[in-house]
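Enquirer: Pasting a structure here, questions to come.
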Amino acid sequence: MVRWVIQELGAMCPSRQRLLAWRENPHDAHLRDVGYHVQEARCPICQAELEREG
Ligand SMILES: [Zn+2]
156 MVRWVIQELG
166 AMCPSRQRLL
176 AWRENPHDAH
186 LRDVGYHVQE
196 ARCPICQAEL
206 EREG
């Protein structure tokens, strides 16, 4: 079940470029889906990506 959710999230992951843009501009309306993906859905793939970028 958990694995299925992660795979689903992985399919919806924003590009690395958008992920970093969202971190720079968390209130940008165009990046709201990225914020949802990371903060609400808590995608582990993208969270790891953000941590790696530091
Ligand atoms: Zn993701």
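For our numbering, count along the sequence shown from 1 and bump the result up by 155. All residues carry an ideal CB built from backbone N, CA and C; glycine is no exception.
1) At a cut-off of 7 Å, is H182 close to ligand 1 when judged by its beta-carbon and the heavy atoms of the ligand?
2) Any heavy atom of ligand 1 inside 7 Å of the beta-carbon of H192?
3) Keeping to the same chain, check which residues put their C-beta closer than 7 Å to that of L186; ignore five residues upstream and five downstream.
4) Could you have a look at R197 and say whether DSSP puts it in helix, strand or coil?
Expert: The structure says:
1) Not under cutoff, so the answer is no.
2) Between ligand 1 and the CB of H192, the shortest heavy atom gap is smaller than 7 Å.
3) Closer than 7 Å at Cβ, skipping near neighbours: R173, A176, W177, N180.
4) Of the three classes helix, strand and coil, the one that applies to R197 here is coil, per DSSP.
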